[in-house]
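Chemist: The numbers in full-length UniProt numbering rise by one with no breaks, and the one at position 185 of the sequence shown is 185.
The beta carbon of each residue, even a glycine, is placed where N, CA and C say it ideally should be.
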Amino acid sequence: MSKVRIYTLARDLGVDNNKMLEILDGLGVSYKSVSSTIEEDTVELIKQILEEEAAAGTAAPADSAPVQASAPQAAPTQPETQAASAPQPQAAATATAEREPVAASAPAAPSAPELPHRAPVVTIMGHVDHGKTSLLDYIRKTKVAAKEAGGITQHVGAFEARTSKGKVVFIDTPGHEAFTTIRARGANVADIAIIVIAADDSLMPQTREAIAHAQAAKVPMIVAINKIDLPQADPERVKTDLTQLNLVPEEYGGDLIVVPVSARTGEGVEDLLEYISLTAELEDLRADPKGEFSGVIIESRVDRQAGVLATVMVQEGTLRVGDFLVVGENYGKIKAMTDSNGGRIKEAGPSTPVQVLGFSEAPASGEKVFSAKNEHAARELIAQRVSDRRDAEAARTQRRRTLEEMMGP
Ligand code: GTP
Ligand code: MG
1 MSKVRIYTLA RDLGVDNNKM LEILDGLGVS YKSVSSTIEE DTVELIKQIL
51 EEEAAAGTAA PADSAPVQAS APQAAPTQPE TQAASAPQPQ AAATATAERE
101 PVAASAPAAP SAPELPHRAP VVTIMGHVDH GKTSLLDYIR KTKVAAKEAG
151 GITQHVGAFE ARTSKGKVVF IDTPGHEAFT TIRARGANVA DIAIIVIAAD
201 DSLMPQTREA IAHAQAAKVP MIVAINKIDL PQADPERVKT DLTQLNLVPE
251 EYGGDLIVVP VSARTGEGVE DLLEYISLTA ELEDLRADPK GEFSGVIIES
301 RVDRQAGVLA TVMVQEGTLR VGDFLVVGEN YGKIKAMTDS NGGRIKEAGP
351 STPVQVLGFS EAPASGEKVF SAKNEHAARE LIAQRVSDRR DAEAARTQRR
401 RTLEEMMGP
């Protein structure tokens, strides 16, 4: 009897993973995640349920006009064997379409308008030199790591990548021990954290730190065991070491997804992307491109010629050239915007990292960004923030003085 993974079955049957989990819940079948395997008997049950639902679904649109009177329905023959149930033929649909121009369209279910999906923001974290940037390079098919000073990542880079599974926004973080706060910020903006662990080095101090950041930010984690191309690679040791942190890989009966990869040969990278899209699907990430804008500063720097360049991750709403942005006590009007490939753009929706030109001072990374209707509104908002801060400072000073007086000379 062969077993099948839940997500493979979902894909083969053309339903989404959440739907599949719903059915399993209904059947009382336990599972750890979508990559858990299920028994063949269960697969048969699921197929039956889906067939029944499909049959009920096609019978439903009662209000629609006379249905295909043409096709002479073959007598409903009882299938003699339990063999593969034939899929419903859908040929008639195209034939009828050419007569009636539009009119009775699909029977739209009157459900509340749902927000559109957005791309997942995936932060790559791990110990220094374990291959985070190289892995992203492989995904982007570029060569960023080779160009970095000393081969060490010193900032957070955000890239938009088109993978075979759709758009994914990746955030690279440094592994060097000095950059704890940058890693923490990276974890905070993430929907998914990829913990990169070199197969020849296993768990190291910044690996543990990265795991702690992801856990603190309550972000789902996927472990990528990198450098499996090396002769001294020992992925099993990495898995055992993870177990000691109470992170139990799926093969060991836990629910941690662990994917062996090589940023050098590309082995396993497709699997990793697949797990990212599966995890994203389960997270059901949505945002309103028409809503009020909000975002977060990923990084900022001062370019001698261009001025302040800030990388903003759009989280809600849409950012447009000409908008006024407020960050902390600082504001700016967007003069120009570029996407992560350096192309000029006029607007950017949710889950898009953009570089913005227009701040007069470099905003601190990790700060929330809001928009203001116009310059006046931006100034007012900042004036309010300044006064709030002064009040808080004054209160603190007062408390300290009182305390000092109480303590005496
Ligand atoms: P920091 O940003 O400084 O934390 O490092 P990093 O994790 O981004 O590592 P980086 O991608 O810069 O790679 C470090 C070294 O490991 C480089 O020399 C890479 O060529 C090498 N490397 C990365 N991935 C692989 C791999 O899959 N196999 C092998 N053999 N070498 C790799
Ligand atoms: Mg790096």
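Who are the near neighbours of His213 in its chain, counting only those whose CB is closer than 6 angstroms to its CB and skipping five residues on each side?
Modeler: Within the sequence shown, residue 213 is the residue found at index 213, counting from 1. Excluding residues within five positions, the ones whose Cβ falls inside 6 angstroms are Arg183, Ala184 and Ala187.
Chemist: From this set, His376, Gly317, Lys333 and Phe359, which residue's C-alpha is nearest His117's C-alpha?
Modeler: Numbered from its first residue, the sequence shown carries residue 117 at position 117. Nearest C-alpha to His117: Gly317.
Chemist: Report the three-state DSSP secondary structure of Gly408 (helix, strand or coil).
Modeler: Working through the sequence shown from its first residue, we reach residue 408 at position 408. Reduced to three states, the DSSP call for Gly408 is coil.
Chemist: Would Ile46 and Leu13 be called neighbours here (beta carbons separated by less than 9 angstroms)?
Modeler: In the sequence shown, the residue the question calls residue 46 occupies position 46. In the sequence shown, the residue the question calls residue 13 occupies position 13. Yes, they are a contact pair.
Chemist: The ligand GTP and Ser33: does the residue's C-beta get closer than 8 angstroms to at least one heavy atom of that ligand?
Modeler: Mapped onto the sequence shown, residue 33 falls at position 33. Ser33 Cβ: outside cutoff for every heavy atom of the ligand GTP.
Chemist: Please confirm whether any heavy atom of the ligand GTP lies closer than 8 angstroms to the CB of His117.
Modeler: By one-based count along the sequence shown, residue 117 stands at place 117. False, no ligand heavy atom lies under 8 angstroms from that Cβ.
Chemist: Could you check if Leu135 belongs to the surroundings of the ligand GTP, using beta carbon to heavy atom distance under 8 angstroms?
Modeler: Locating residue 135 in the sequence shown gives position 135, where the first residue counts as 1. Leu135 Cβ: within cutoff of the ligand GTP.
Chemist: Count the other CB atoms within 10 Å of the CB of Val386; is the residue buried (16 or more) or exposed (fewer)?
Modeler: Position 386 of the sequence shown, counted from the first residue, corresponds to residue 386. Val386 comes out exposed.
Chemist: Take every Cβ of the segment 269-282, pair it with every Cβ of the segment 303-312, and state whether three or more of those distances are shorter than 8 angstroms.
Modeler: The segment 269-282, when compared against the segment 303-312, does not touch it at the 8 angstroms Cβ threshold.
Chemist: Closer than 6 angstroms by C-beta to Ala336: which residues in its own chain qualify, once you throw out the five before and the five after it? Chain order, please.
Modeler: Translated into positions along the sequence shown, residue 336 becomes position 336. Excluding positions up to five away in sequence, the list reads Leu357.
Chemist: Would you kindly work out how many angstroms separate the C-alpha atoms of Pro231 and Thr265, rounded to a whole number?
Modeler: Position 231 of the sequence shown, counted from the start, is the residue given in the question as residue 231. Position 265 of the sequence shown, counted from the start, is the residue given in the question as residue 265. Approximately 13 angstroms, taken between the alpha carbons.
Chemist: So, at 7 angstroms on beta carbons, what are the nonlocal neighbours of Ser340 in its own chain, with the 5 sequence-adjacent residues on each side left out?
Modeler: For the purposes of this step, residue 340 is identified with residue 340 of the sequence shown, where counting begins at 1. Only Ala158, Phe159, Glu160 and Pro353 meet the Cβ criterion.
Chemist: Can you tell me where the alpha helix (DSSP H) holding Gly26 begins and where it ends?
Modeler: Within the sequence shown, numbered from 1, the residue matching residue 26 stands at position 26. Asn17 to Leu27 is the span of the alpha helix (DSSP H), which, as asked, contains Gly26.
Chemist: Report buried or exposed for Asn246, applying the criterion of at least 16 other Cβ atoms within 10 angstroms of its Cβ.
Modeler: Stepping through the sequence shown from its first residue, residue 246 is reached at position 246. Flag for Asn246 reads exposed.
Chemist: Please classify Leu247: does DSSP put it in a helix, a strand, or coil?
Modeler: To locate residue 247, count along the sequence shown from 1; it is residue 247. Coil.
Chemist: Below 9 angstroms between beta carbons: does that hold for Val296 and Val369?
Modeler: Against the sequence shown, residue 296 aligns to sequence position 296. Against the sequence shown, residue 369 aligns to sequence position 369. Their beta carbons are under 9 angstroms apart, which means Val296 touches Val369 by this criterion.
Chemist: Would you report the Cα separation of Arg140 and Glu380, rounded to the nearest angstrom?
Modeler: To locate residue 140, count along the sequence shown from 1; it is residue 140. To locate residue 380, count along the sequence shown from 1; it is residue 380. So the two alpha carbons sit approximately 42 angstroms from each other.
Chemist: By DSSP, does Thr8 sit in helix, in strand, or in coil?
Modeler: For the purposes of this step, residue 8 is taken as the residue at position 8 of the sequence shown. Helix.
Chemist: Taking 6 angstroms as the limit between beta carbons, can you name the residues of its chain near His127, skipping five residues before and five after?
Modeler: One-based indexing of the sequence shown puts residue 127 at position 127. Excluding sequence neighbours, His127 sits near Gly175, Met204, Gln206 and Thr207.
Chemist: Quick one: is Gln398 buried, meaning 16 or more other Cβ sit within 10 Å of its Cβ, or exposed?
Modeler: Residue mapping note: residue 398 aligns to position 398 of the sequence shown, counting from 1. Classification of Gln398: exposed, given that the 10 Å Cβ count is below 16.
Chemist: Which complete beta strand (DSSP E) runs does the UniProt region "G-domain" (120-268) hold, if anything under 3 residues is left out?
Modeler: Listed in chain order, the complete beta strand (DSSP E) runs (minimum 3 residues) inside the UniProt region "G-domain" (120-268) are 121-126, 157-163, 166-172, 192-198, 221-226 and 257-260.
Chemist: Helix, strand or coil for Lys335, going by three-state DSSP, please let me know.
Modeler: What you label residue 335 is simply residue 335 of the sequence shown in a count that begins at 1. If DSSP states are grouped into helix, strand and coil, Lys335 belongs with the strands.
Chemist: Going by beta carbon distance, what residues of the same chain come within less than 7 angstroms of Ala86, once the five residues before and after it are set aside?
Modeler: As a first step, residue 86 is located in the sequence shown; it is residue number 86 there, counting from the start. A caution first: Ala86 carries a pLDDT of 42, below 50, which makes its placement in the model unreliable, though a value can still be read off. Excluding residues within five positions, none has a Cβ falling inside 7 angstroms.
Chemist: Less than 8 angstroms between the CB of Pro205 and some heavy atom of the ligand GTP, yes or no?
Modeler: Numbered from 1 along the sequence shown, position 205 holds the residue referred to as residue 205. The answer is no for Pro205.
Chemist: Are there 16 or more other CB atoms within 10 angstroms of the CB of Ala233, so buried, or fewer, so exposed?
Modeler: To locate residue 233, count along the sequence shown from 1; it is residue 233. With 16 or more other Cβ atoms within 10 Å, it is buried.
Chemist: By the 10 Å Cβ neighbour count, where 16 or more other Cβ atoms means buried, how is residue 463 classified, buried or exposed?
Modeler: Because the chain here runs from 1 to 409, residue 463 falls outside it and cannot be looked at.
Chemist: Quick one: Cα of Val34 to Cα of Asp41, how far?
Modeler: Numbered from its first residue, the sequence shown carries residue 34 at position 34. Numbered from its first residue, the sequence shown carries residue 41 at position 41. Straight-line Cα distance between these residues: approximately 18 angstroms.
Chemist: Opposite Asp303 in the DSSP bridges: which residues?
Modeler: What you label residue 303 is simply residue 303 of the sequence shown in a count that begins at 1. According to DSSP, Asp303 bridges with Gly307.
Chemist: Between which two residues does the beta strand (DSSP E) holding Ser371 run?
Modeler: Within the sequence shown, residue 371 is the residue found at index 371, counting from 1. From DSSP, the beta strand (DSSP E) with Ser371 extends over Lys368 to Ala372.
Chemist: Comparing alpha-carbon positions, which option in Ala198, Glu250 and Leu285 lies nearest Val122?
Modeler: Locating residue 122 in the sequence shown gives position 122, counting from the first residue. Ranking the options by Cα distance to Val122, first place goes to Leu285.
Chemist: For Arg286, name the three-state secondary structure that DSSP assigns.
Modeler: The residue labelled residue 286 in the question sits at position 286 within the sequence shown. Three-state result, Arg286: strand.
Chemist: Buried or exposed for residue 411, going by 16 or more other Cβ atoms inside 10 Å?
Modeler: Outside the displayed span of the chain (1 to 409) sits residue 411, for which this structure offers no information.
Chemist: Is the separation between the beta-carbon of Ile6 and that of Pro120 shorter than 9 angstroms?
Modeler: Here residue 6 refers to the residue found at position 6 of the sequence shown. Here residue 120 refers to the residue found at position 120 of the sequence shown. No; because the gap between Cβ atoms is not below 9 angstroms, this pair is not in contact.
Chemist: For Thr42, which residues does DSSP report across the bridge?
Modeler: Reading the sequence shown from its first residue, position 42 is the one you call residue 42. In the DSSP output, where bridge partners are listed per residue, Thr42 has none listed.
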